[in-house]
Amino acid sequence: MSGVENVEPFGDGFIAALCPELIIFAGLILLIIVPNLGKGTVRIPGTQTRVMWFLGGERFKLTSNPRLPAWIATITLGAAFAQTILSFQDGVDRTAIVTDSGKQLMLVNGFSRVFELIFFGALTLAAFASMNRLEVKGVGPNLSTDDLYNNRRQADFYILMLTCGLGMSVVALAQDLFVLFIGLELASFSTYVLVAFYKETKAGTEAGMKYFIVGSVASGVGLYGLSMLYLWAGSLQFNVLAEQFVINGTDPLPLIAMGFVLVGFGFKVSAAPFHFAAPDAYAGASSPIAGILATASKAMGIIGLLRMLLIVAAPEASEDGTVWLTLLGILSLVTMTWGNIAALGSTNPKRMLAYSSVAHAGYMLAAITAIGAWNWDDSLAGDAGESAVAVLTALIFHLVVLVAFKLGAFLVLSILESDGDASRLSSLGGLAKREPFLGVAMFIFMISLAGVPPLAGFVSKLLVIMGIVKVAVGEIGAQIVAGGDLGLADVHWVWWLAFAMVINSAISMFYYLRIGVVMFFEEPEEGRGGPLPSGWQVRFAVLACLMVTLFMGVASDKLLEICEVAAQSLNYDWN
Amino acid sequence: MTDWISIPLVAFPLIASMVLLAFVSNGTERMRERLVAPIRMACLVFSLVMLTITTGMFFQYFGDVSWMNIAFNDYEYRTTYTWIESLGINWSVGLDALSFPMVWLTTFLLPVTIIATWNEKSGATYFPLLLMMGGALIGVFVSLDLFMFYVFWELTLIPMFFLILKWGGKDRKYASQKFFIYTFTASVVMLLGLITLYFLQDPYSLPSAGTMTGRSFSIPELIDSARASNVGDNWYLGAQMQKILFVMLMIGFLVKLPAVPFHTWLPDAHVQAPTGGSMLLAGVMLKMGAYGMFRLPISLFPHALYHFQLALMIIGMVSLVWGAIVCLGQTNLKKMVAYSSVSHMGVILIGIATMQPMGWAAALFMMFAHGIISPMLFAVCGAFKHHYHSMEIGAMRGMAKHSPWLATSMMFAWMASLGLPLLAGFVAEIMMLIALWHMISLDGWSIWWMVGPALVLALTAAYYLWSMQRTIFEGGEKGQPPANMVGHPIPDISNSEKFAMLIMAFFTILFGIMPWIGLDMMDDWTKQIFDGLIIFVGKGGA
Amino acid sequence: MIDPAWVSALSAILFIIGLGGAFTRKNAIIVLMCIELMLNAANMQFAAAAVHHGDPTGWVYTIFAIAIAASEVAIGLAIFLAMYGKHETISLDDVDVLRN
Amino acid sequence: MAGTGSNTIIDSDMMQFAPLIVLLPMLAFPVILFLGHIFNRNPFWKATMKEGGIIALVVMAASLVISLLLIKDHIGGFAGIKDSVDFLWLNSSVYDGGTLEPITFGFGIYIDHVTVMLLFVASFLCLLINIFSIGYMNTDPVNEDRNHRFYAEFVLFCSGMLGMVLADSFLWLFIFWEIMGLCSYLLIGFYYEKPSAAYAAKKAFLTTRIGDVFLMIGLVMMWDLFGSLDYSVVFDEANIAAVAAESSGTLQWALGMMFIGAVGKSAQFPLHVWLPDAMEGPTPVSALIHAATMVNAGLYLVARMFPFFGSEFLQDDLVDLAFIIALIGGITAVMAAAIAFVQHDLKKVLAYSTMSQLAYIFTGLGCAMFLANTLDWHNDEDAHYIVIIAFGAALFHLFNHAMAKGMLFMASGSVIHEVHHAHHHLHHHDHHDDHHEGDDHHDDHHDDDFDAQSMENMGGLASKMPLTATAMLVGSASIMGLPFIGGFWSKEGIIANAWRVALEDPRFFIPAICVLIGAGMTGFYMSRMWLKTFAGKPKTEVAAHVGPTNTWIKIPLFVLTFVSLSAILFAGMGFTHWAPDSKYGLMSEKSLIDGIAYEINHAFANSDTFFFILTYIAIAIGAVLGPGIALSLYGGNLAEGEKVKAWMKPIIRLNAWVFDRFHFDNKSVANSGLSRALENRLYFDHYYDMAMLKLVAGFSDKSADADKNVVDGVIKKIESGSQSISKVVRSLTTGSARDYILMVSVGALAIFFLLWGVA
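These protein sequences, in sequence, are chains P, Z, H and S. Residues in the first sequence are numbered from 129 upward in steps of one, following our numbering. Residues in the second sequence are numbered from -15 upward in steps of one, following our numbering. Residues in the third sequence are numbered from 9 upward in steps of one, following our numbering. Residues in the fourth sequence are numbered from 150 upward in steps of one, following our numbering.
Below you can see the structure in the form of structure tokens.
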């Protein structure tokens, strides 16, 4: 499509287009080098002259500061985030990275920018908040080796954060399924390690192992699906695949391949039945990381699903819209119900949030199903396209604001975790008395998750439901408005997904409110009545989340526009 | 026209109370104690300002307003600001004869509640919560935008949740969550109905349509288009869709009302709620359900309304009778009063189901009258609990002797609630009866429909008198105070409580003797809405 | 030359073996090996498809996939090591602190 | 005919003050309440203001004065109706099958003959009772510090009664009717600390409420027929014609429903149970409720229905209802009289007597209604006269009974008051001597078993309370229908009319026989009451120490004695005529002497042989047989040395003579099953209580359980059920990574097959 500027790798405009990623890349290098800067010398071969080359040896005061990696990572991610926001300033440039053989590798557009916003935003907050999480064994030259080792872990942790961000943004940018997959794996590997990074506890390593094993199997299945797709189409370029799907999308081979690919992404978004490792992983991982898993990582999976289902496999293949419609509908229904029902009885706040995250995955799948209920092929014009854009906008909006309240909730738990434990409901006891700000913030996050107005969670859920309903009634809406005597039986069945969503929201109220009750009106656990661990960074992050949650509830217009641009760009700009 | 609603009646109470809450809850215990008096006074003063504004509105002080001649679906003090343009969401407020009495009632009850519960513990957070509650409630009534309506609709839950949770009785955790979840469940179903309704518009046909969706959330515009398309052989959205949407919206409203069998959250919430919470809950919050019915399903879906007339009548009758019968079996004073609310809300439903303008006016007036009487009932219950540390009927007898004020207030409130003539409740009851019988004879219904109201008129008297016999009467010198009261002096209600009771009693009498003050505009409104229906009835919709 | 279809068939068998092994074996290392089998099955398919289509991209994919597999092993072993440090077992069945 | 026909608005200057009759007492209510609350122990308030009694007196006097002036103008103008909407209550509209009809309810004043009669009775008696109350209530220590409450409730009650009488529509009649109900509830429960009083108050309210419900339904039905409840509309012949053409059956049902309301309010069978218990209230209350006002409300309501019965267009349509009214009256007359036979409580005898006499009036009204409904009285002069006389007799009995019974209650109150005082004095004296402490008035009032109301504790009081005894005597005679005294004039008319109707319609033989027997029974129990109280020897030490009564009490007794004795004057003035019809106006045709002569002639020398004989049979039964048996059973001579006033000597002597000569042992009768049944009030209360407790309370308890366990149980089940489902679901997350992989594989396979199937 016109308006897309093609750029060769490392060619003109490459830096401008991939500025956020390059910032991260630079930060990554800095993060590797800077903590190693010291009074290290190197002997010039053959001589006894030792020349200072500043690597290794006794570190400088600044570089030996264990907080340094955290600051570097935060600033890097923050800069990338800022850069992303700035790029919205005057319309998003659409820039494709194209190899000289004409293969499109990446595409920078509104869609990718918004997702970068999600990734970098979440990661910045998590990185900033983690400053208070990771143990710091003092500062200065007189540290034991163990202490030094501990402090060195800081760098590792934030390096993984950055690679995670890099991988995720590659996913957002990718125009080739395999590129997407590589980005996905990069991010996944980072998260595997980050989950296991909490290795001081039994649960941490176990969580890492489970997440890794199940994740690997899922991505193995996904990769095999990719190979089948490649076998079928001879390319993994989205545009090529899409063209092929239009021609013979009902072949068993691509369908089955697509199913396998879905498994890979399904795991990332923790859709049932691929979600089993998720509650364990969330429960075992440190809370900021769990927050990343529930927000950024999930958004990444959603990108995969969107690309795969909407760009590649959406073209008309059966009478009922698209072939995968029923499949995804069932998946979404099962996922949201499963998540909510499981969360009902969960007494571990983190597991509860994990299950709630599963439920949210179900809502998002419902949204995607709704898009699929439309004939995507004809969607380039008219109301149909609008409907799709509406749902997509809602979905993207949901993902953006989800960062605020889901991650925020995890960050509050993170403070409790530093206080000792956050794996029991009772560990939240009396939070509102111990620190009213955190209690109130947590309560707002909870009811936002449940979808109570006027919070961001309500708007996002409302938008998703609106999108689904619009799709469901859109086709016959005109007839109904004209007075045609049509009922629910005539409305597309995805309407019932919206119904399931609202019922599930109501069910979810049970466990979200329970948290509020515990925080406000139960006594703290034995011996935990004192003040919570200090640390302004994490509280600042919570505050930021809170502000976004509140603000997006009442003034979501601007963000909606951005999301709409993103949604449209997915629709119009894929080639 | 100056916007007299948005800031002073909705935004300021909400924001100010939130700021106060944030400020206070982060302070120390000592600071909180010191701040009780100024915060209470500030809340009272502001609520009085709100009352002044609404009263001024009534007396047409703020602008050229005539409550009597507003065309149907036209609103006074109408103000609209764009909120979320892409979705067609506006901050749109206005008042008509349906909403104004409710708004006035809310502003009236706020200071009364504050005065009645002047010495509530943890006042520094309690009074701002009341104010917040008031702002949210008014928000519901003034909203002329579905989105805004729903936002405020749910927003009312939060302060009430905290009021019950923090100041409630022994089972407050259970009660507050049940209250929240029960009504939330119903209202999300309603939300889905609202959204479905939203998308059943011609894209970009309405003036305030969203730039992205092409649809409008504007209630007046929707009602206009409904009115426009309910002509000829057409029904707005077709008969089936009307019924579906009607049911979905009604689920939300019926639970809020509440109607049997969706009422069980109410006794729990009321028994556990603090006095102030109960007063606002019974006084205004229940009316949200009835208000919503009038504002949306009744205005929009006449065909469905006729179709479900029988169902509404049955639900109303069952609520009426069942509430009264269960009342008689209660031993807890507050629970009894709560069930009496269920019973009275049945009157509203029956009034609606009569499909008579008079029945609707009765329902509207019942909303209003019950909004003054039931807070008084709960204020009495609260004082009872406060002084005698028990809610059991018979725990304290012979109140007439040692607590004449409380006894008098109780008797007054009880009598008002059982529909004593010249008190506000009677007006609605007799109008409902007349309208019901008129419908029965006009439409050839079975006269056995009269049995329910007749039975309840007697039963209501029975349970109220029964409880008075065991509280106000008997006892005296020989009466046994509850075990925990033995040896303590038995105080009468405090001056602030007396004052609040007197105010409520005054208005109960005022609206009993001169119901036309409020009824005239309600009558006007029901006539206007009914004018549209007659065309409809004419084409055989019933 | 071998028909790529045969290679594909082989890769399918490998994939099934890998997948089956992944959930039947309880030793973490063996499960890791099974996962490698699955990845390799994909690699073979890529290679076969590359031949089938005469498109060199497939080989590029294969190379990348091999790299991915390698790093996966590295990460996996590291995680298992850490797990062993805490749980003193690498049997998947015995590691169930987190459940329900 | 009353009401209908002429809608002339009389030009009376007093009309503009008419609302004050209602408003003054109504406004006095809060004034007395609050002043009393504020100045509770202020000596000026207590001694001079009589704790509000004077305020009440002033407003009641003002009401009476305005009423009298109004009545005077009314008599002078004598032309029907003032019908004006002075006060708009509410507006609404109904959908009437095509159009919206606006409707209006407003309050106005409506004056006609029936109104004037009741207005006089109510305002006159209220004032007298007010005077009596000051003497009665303010001297009883048990009322200390709460008399202001009494006066406040009293004036509100009066306001309700006067409002009901003056109202110009059935709706406002009902509204004031209910206010009276509330006040009767408050007044009966005046001694709130007594469980029996609390119970009685509740019972009174609930029983009348049941009637009220029917009344409300009747009103609603009537509204539906006429589109209004204003008298001017519903009594309009044209409107009645329109309704009669379509749905005279519905109208009969509506009137029947309203009649049930009257049954409740006037304590007729089967809603009579509240009235005896209502004696728990202070005596002035009993006088107020049972004589002057509340019980008359039901009669007034039925009398108000007369235009329907009298309408040409409804001729013969409402016969059944008329019969039911008469029947209920007949049954209650006999039943209540029988129960009165065995009562020992002075006030309860009067209560049953009230019930019985009201029943007479109902029978009279029923018969009058029947006549009006069957005879062509609009055109036939004779028929017209018959109808007017029948209706007038019933209303005149209302008047006579109200006066006599009010006096009887006040007199009995005076007796009880003095007996109680005597007892208190004796007891207190002992108390003081023994323990030298004088506190606990209240305790000794309530604790001991002495019952100041029981006739077993009295006897021989004729010498100690001459005025009271006289008043009682006159009152009793009036109720009994002794010739020439009070009720005689009206009762004869009722009996005669009952028989007249019975000759027309054999169904009416039941009420006719009932009222005839009832006359004898009345003679018996009223005599019994007087004799047990005033004749014979003092039965207790207390009775021997009773002293005379105070002036406040004497005034009303004196006045009413005069009124009762001079009933012939009222009869002569044409009270029996003018009440229902302007045609027989007060002194418009006849002079007073003529009137009296006519009445006497009519009563004792009826030209119709049947009625001539009937009259003497009735006199024989009521004035000779009944009292004779009572004389032979009770009383006897006074104690030695007791002196009575000259005019009472013959009575005492007669009693002594009969007692000595004809005394017989009635133990076997007194111990019979019937007697026990009568003492238990024929078990009505028992079964009603059973019904309330077992049926209603039991059912409501069950319902409350059901609400908690079934309706709410479903919700709780959903909650607990979802928790257990959650447990099952969560148990699928076993914790083993292998299971997770298995699930992934299963999921993958499922997708595989699903898509395979699609493909």
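Glycine is no exception: its CB is placed at the ideal position from the N, C-alpha and C atoms.
Query	Result
Short CB-CB distance (under 8 Å) between S:V536 and chain Z	no
Chain-order list of residues whose beta-carbon lies under 7 Å from that of S:L610 (same chain, five-residue window excluded)	V564, A618, T682, F683, A692 and V695
Bridge partners - S:Y244, DSSP secondary structure assignment	S:L249
Top-ranked residue by Cα proximity to P:L294, from P:M574, P:E244, P:V529 and P:S258	P:E244
CB contact check: H:F31 to chain S, cutoff 8 Å	yes
Option in H:A75, H:S79 and H:R33 with minimal Cα separation from H:L100	H:R33
Own chain residues within Cβ distance below 6 Å of Z:T91, not counting five before or after	M34, L35 and T38
Residues in the segment 871 to 892 of chain S having any Cβ partner in chain H nearer than 7 Å	R879, S880, T882, T883, G884, S885, A886, R887, I890 and L891
DSSP-derived helix/strand/coil call for H:Q53	helix
Buried versus exposed call for S:N858 [16 or more other C-beta atoms within 10 Å across all chains shown]	exposed
Reduced DSSP secondary structure (H/G/I, E/B, other) of S:G672	helix
Residue closest to Z:G78, alpha-carbon to alpha-carbon, out of Z:W67, Z:Y61, Z:G72 and Z:S70	Z:Y61
For Z:G152, three-class secondary structure by DSSP	coil
Pairwise C-alpha distance: P:V391 and Z:M132	40 Å
Own chain partners of S:M163 with C-beta closer than 7 Å, once the 5 adjacent residues on each side are dropped	I215, L218, L219 and D222
Neighbour flag for S:I864 against chain P, beta carbons, 8 Å	no
Which listed residue (Z:I487, Z:P242 and Z:L221) has its alpha carbon closest to that of Z:A170	Z:P242
Residue interval of the alpha helix (DSSP H) (run including P:W624)	V622 to F649
Min CB distance H:L45 to chain S below 8 Å	no
Cross-strand partners of P:A302 (DSSP beta bridge)	P:M234
Sequence-distant residues of its chain with Cβ nearer than 7 Å to Z:Q512 (five each side left out)	A55 and F56
Residue-chain proximity (P:K396, chain H), Cβ-Cβ < 8 Å	no
Same chain, Cβ closer than 7 Å to P:T169, five either side skipped, listed in chain order	R178, V179, M180, W181 and G185
Contact under 8 Å by Cβ, Z:S401 with P:P564	no
Boundaries of the beta strand (DSSP E) in which S:E386 is found, first to last residue	Where S:E386 is concerned, there is no enclosing beta strand (DSSP E), although the alpha helix (DSSP H) it sits in stretches over E386 to K414.
Alpha carbon of S:L378 to alpha carbon of Z:A21, nearest angstrom	54 Å
S:A897, buried or exposed, once every other Cβ within 10 Å from all chains shown has been counted against 16	buried
Alpha-carbon spacing of S:A346 relative to S:A427, whole angstroms	8 Å
Three-state secondary structure assigned by DSSP to H:S16	helix
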